[in-house]
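Novice:
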């Protein structure tokens, strides 16, 4: 039996990165969120948040919509169907790994 820790390497690194996992998880609980809300929620700088969102958008996991509310720019982000499926699959993989790790006994130990 393969050690559960070895299976961690098989996780999707795009999603597993903590900031992106937090963003995707938050976005799955709502229809969409604005940029400033996500920034407050995650504590990321504007530049870091933009970078993470760009990677998620490029992968098709989120949709970014830029518009104006009066003269104020407003950026809204929504998780896509593939994004929702990917984050759900990721959490399931983590739960499976957690279960395996709880029952894992290293070989060669008595």
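In the working numbering, the protein residues as written are 1247 to 1356. Each residue gets a CB set at the ideal place from its N, CA and C atoms; glycine is no exception.
Under the assumption that residue 1270 contacts residue 1329 (Cβ atoms under 8 Å), give the Cβ distance between them as a whole number of angstroms.
Specialist: Their Cβ separation, rounded to whole angstroms, is 6 Å, which keeps residue 1270 and residue 1329 in contact under 8 Å.
Novice: So what does DSSP say about residue 1301, is it helix, strand or coil?
Specialist: Residue state, collapsed to three classes: helix.
Novice: Would you check if the distance between the CB atom of residue 1277 and the CB atom of residue 1324 is smaller than 8 Å?
Specialist: Yes, the Cβ-Cβ distance between residue 1277 and residue 1324 is below 8 Å.
Novice: Quick one: residues in its chain with C-beta nearer than 7 Å to the C-beta of residue 1285, no 5 flanking neighbours on either side, listed in chain order?
Specialist: Taken in chain order, the residues that qualify are 1292, 1295.
Novice: How is the beta strand (DSSP E) around residue 1309 delimited, first residue to last?
Specialist: Looking at the DSSP string, the run of the beta strand (DSSP E) that includes residue 1309 is 1308 to 1315.
Novice: Can you tell which of 1353, 1342, 1352, 1349 has its C-alpha closest to the C-alpha of residue 1254?
Specialist: The shortest C-alpha separation from residue 1254 is found at 1342.
Novice: Report the three-state DSSP secondary structure of residue 1328 (helix, strand or coil).
Specialist: Here residue 1328 sits in helix by DSSP.
Novice: Within 10 angstroms of its Cβ, does residue 1302 collect 16 or more other Cβ (buried), or is it exposed?
Specialist: Residue 1302 is buried by the Cβ-count criterion.
Novice: Strictly by DSSP, which residues pair up with residue 1279?
Specialist: According to DSSP, residue 1279 bridges with 1323.
Novice: Are residue 1309 and residue 1288 close, meaning C-beta to C-beta below 8 Å?
Specialist: Cβ distance not < 8 Å, so residue 1309 and residue 1288 don't count as in contact.
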